[in-house]
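Quick note, our numbering runs 1233 ahead of the 1-based positions in the sequence shown.
Heads up, the beta-carbon is just placed ideally off N, CA and C, and yes, glycines get one too.
Input: a single structure, listed below in C-alpha cells.
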Amino acid sequence: MRRIYDSSALHRDDAETHAPRERNREARPQAMRSVPSGFLSKLFVPYWLRYRAVSVDVSTPDRTFEQGQRVPFTIRMRNELPIPITLPIESPLPWTWAVDGHPEASHVQRTTVPDERRGYHFDRGEAKEFTRHWSGSFRIARREWEPAAAGEHAISVAVNVANPADVGLEATTTIRIDED
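Structure, rendered in C-alpha cells:
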C-alpha cells in the first residue's frame, strides 16, 4: 500500500473533492482523546478544587402551591472548570433530595444503600439537569402518606459526598403550601 502512496500512480489534488490529498508528514494530534481525563482528574486536581468547581442549584416553577398539589423541582449541577472533574461520592446514589430534612419526604427508614465509594464524573463545562416531583405528602409508614401541613417547607438537594454542606455541594429552596 505504501508503494502506491509514494509513487505518482495516484492523482493528488487538494482542490478536487474526490482526489486524495497530499499527506502532511508533520501532522500533530489535535486532541488528547486517548488520555483518560477522569483518571487524570483524580490524580492531579485536589479535592478542595473539585468541590469548588461544581455548583448545585435547586429551583421550583412557583413559590406557592396548593395543599395536595404536586411540586415539581429542578436540580442543576454544573462543572465550572474547563477540565473534567470527578467527585468522590459515598454510595452508588450520586445525589439525594429531602423535604424539611426528611430524605425523599419520608419519615420511614429507607432501605440501606451499599457504602461503595465511587466517582461522579463531570466533563469540562458539563451541566447536568434533573427534574423530580414531590407529591406534597410525607411518608409516615410503609404504605401511609400524610399531606404536608400548610406553611413553608424547604426542598434541599445534596451531592452524596462527605459533609456536602461544608464543601458547598448542597442547595435549598423554600416553598409555601397554602390551605385549600
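Can you name, in chain order, every residue of its own chain whose Cβ lies under 8 angstroms from the Cβ of residue i, other than the five neighbours on each side?
{"i": "leucine 1402", "result": "Tyr1284, Val1287, Val1289, Leu1320, Ala1391, Val1392 and Val1394"}
{"i": "serine 1370", "result": "Gly1301, Ala1338, Trp1378, Glu1379, Pro1380 and Ala1381"}
If you draw a straight line from the C-alpha of residue i to the C-alpha of residue j, how long is it?
{"i": "glycine 1334", "j": "threonine 1405", "result": "10 angstroms"}
{"i": "glutamate 1324", "j": "glycine 1358", "result": "The sequence given here places serine at residue 1324; glutamate does not occur at that position. Taking the straight line from one Cα to the other gives about 24 angstroms."}
{"i": "glutamate 1299", "j": "valine 1400", "result": "34 angstroms"}
{"i": "alanine 1398", "j": "serine 1389", "result": "11 angstroms"}
{"i": "isoleucine 1373", "j": "aspartate 1411", "result": "21 angstroms"}
{"i": "glycine 1352", "j": "isoleucine 1408", "result": "32 angstroms"}
{"i": "isoleucine 1322", "j": "valine 1332", "result": "21 angstroms"}
{"i": "alanine 1387", "j": "glutamate 1349", "result": "29 angstroms"}
{"i": "alanine 1360", "j": "leucine 1314", "result": "11 angstroms"}
{"i": "proline 1269", "j": "glycine 1384", "result": "49 angstroms"}
{"i": "phenylalanine 1277", "j": "proline 1327", "result": "22 angstroms"}
{"i": "arginine 1375", "j": "proline 1336", "result": "14 angstroms"}
{"i": "phenylalanine 1272", "j": "aspartate 1295", "result": "41 angstroms"}
Does residue i come out as helix, strand or coil in the three-state DSSP assignment?
{"i": "serine 1274", "result": "helix"}
{"i": "proline 1397", "result": "helix"}
{"i": "arginine 1351", "result": "strand"}
{"i": "leucine 1320", "result": "strand"}
{"i": "arginine 1365", "result": "strand"}
{"i": "alanine 1286", "result": "helix"}
Can the beta-carbon of residue i be found less than 8 angstroms from the beta-carbon of residue j?
{"i": "threonine 1307", "j": "threonine 1364", "result": "yes"}
{"i": "asparagine 1396", "j": "phenylalanine 1355", "result": "no"}
{"i": "alanine 1293", "j": "proline 1305", "result": "A small correction: the amino acid at residue 1293 is threonine; alanine does not occupy that position in the sequence shown. In this structure, proline 1305 lies closer than 8 angstroms to threonine 1293 by Cβ."}
{"i": "serine 1274", "j": "isoleucine 1318", "result": "yes"}
Keeping to the same chain, check which residues put their C-beta closer than 6 angstroms to that of residue i; ignore five residues upstream and five downstream.
{"i": "arginine 1309", "result": "Asp1290 and Glu1362"}
{"i": "histidine 1366", "result": "Arg1303 and Pro1305"}
{"i": "leucine 1282", "result": "none"}
{"i": "isoleucine 1316", "result": "Arg1357"}
Between which residues of its own chain and residue i is the CB-CB distance below 7 angstroms, once the five residues before and five after are set aside?
{"i": "tyrosine 1177", "result": "Lying before the first or after the last residue shown, residue 1177 is absent from the chain, which here runs from 1234 to 1413."}
Using beta carbons (cut-off 8 angstroms, strictly below), is residue i in contact with chain B?
{"i": "glutamine 1302", "result": "Annotation note: the requested chain B is absent from the structure, which comprises a single protein chain."}
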